[in-house]
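Per the numbering used here, residue 22 is the first one in the sequence shown, and the count goes up by one each step.
Glycine included, every Cβ here is placed at the ideal spot set by N, Cα and C.
A quick note: this is a predicted structure, and the numbers were derived from the prediction, not measured.
A short write-up of the structure that comes next.
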Amino acid sequence: MAENDTPQPAAQESATDTEAIRQLTWAALLARWMAFAKTSAALPDDAEGQRWKGSVVSIITLQAVTCALGELDGLPADEQALGLDRAEILIRAHREKLADLWQWTDIPPNLADLLMDSAAALKAAKTAWEAGSGR
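As structure tokens, this is what we get:
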């Protein structure tokens, strides 16, 4: 078999393709969050509807931070610790906001899941950063 006839492995995504996919993912998430925020205006004005309306910013922020933590390693090394600190501050602030709105006994399961997901993402990102930075 001639050298040019040798089967080649499947081409891997280039850095440009990966970046394009990442940008499309964030654009799709942003569109979804905007639609979610828009539709929240139609929620009823009763107590539960008001709590859901008051939760919209926290829901979007927690989802965004959770997703962003998965990309922490894409930051320059000297910015990763700052990214972790900012994520922790945002998660704590929005966790408190949701706790104030819903009281812990009344928090809907999907919001409890979101809080657990954001805490788990933060923990995983911290663990990865500590391992990578030798701390």
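DSSP state of Asp138, grouped into three classes?
Asp138: helix per DSSP, three-state reduction.
Using a Cβ-Cβ cut-off of 6 Å (strictly less than) and excluding sequence neighbours within five positions of Gly104, which residues of its own chain qualify?
Once the five neighbours on either side are set aside, the close Cβ partners of Gly104 are Leu93, Leu96.
Quick one: measure Cβ to Cβ for Leu143 and Glu109, integer angstroms, because I've assumed they're closer than 8 Å.
The pair is a contact, with the Cβ atoms about 6 Å apart (cut-off 8 Å).
Can you find the residues in the same chain that come closer than 6 Å, C-beta to C-beta, to Ala169, ignoring five residues on each side of it along the sequence?
A question about residue 169 goes unanswered here, because the residues of the chain that appear run from 22 up to 156.
Compare the beta carbon distance of Arg53 and Trp123 with 7 Å and say whether it is the shorter of the two.
No, they are not a contact pair.
Out of Lys59, Ala98, Thr148, Leu51, state which residue places its alpha-carbon closest to the alpha-carbon of Gln84.
The candidate whose alpha carbon is nearest that of Gln84 is Leu51.
Return the chain-ordered list of same chain residues with a C-beta closer than 6 Å to the C-beta of Leu64, the five sequence neighbours on each side being excluded.
Closer than 6 Å at the Cβ level, and outside the excluded window around Leu64, lie Gly70, Trp73, Lys74.
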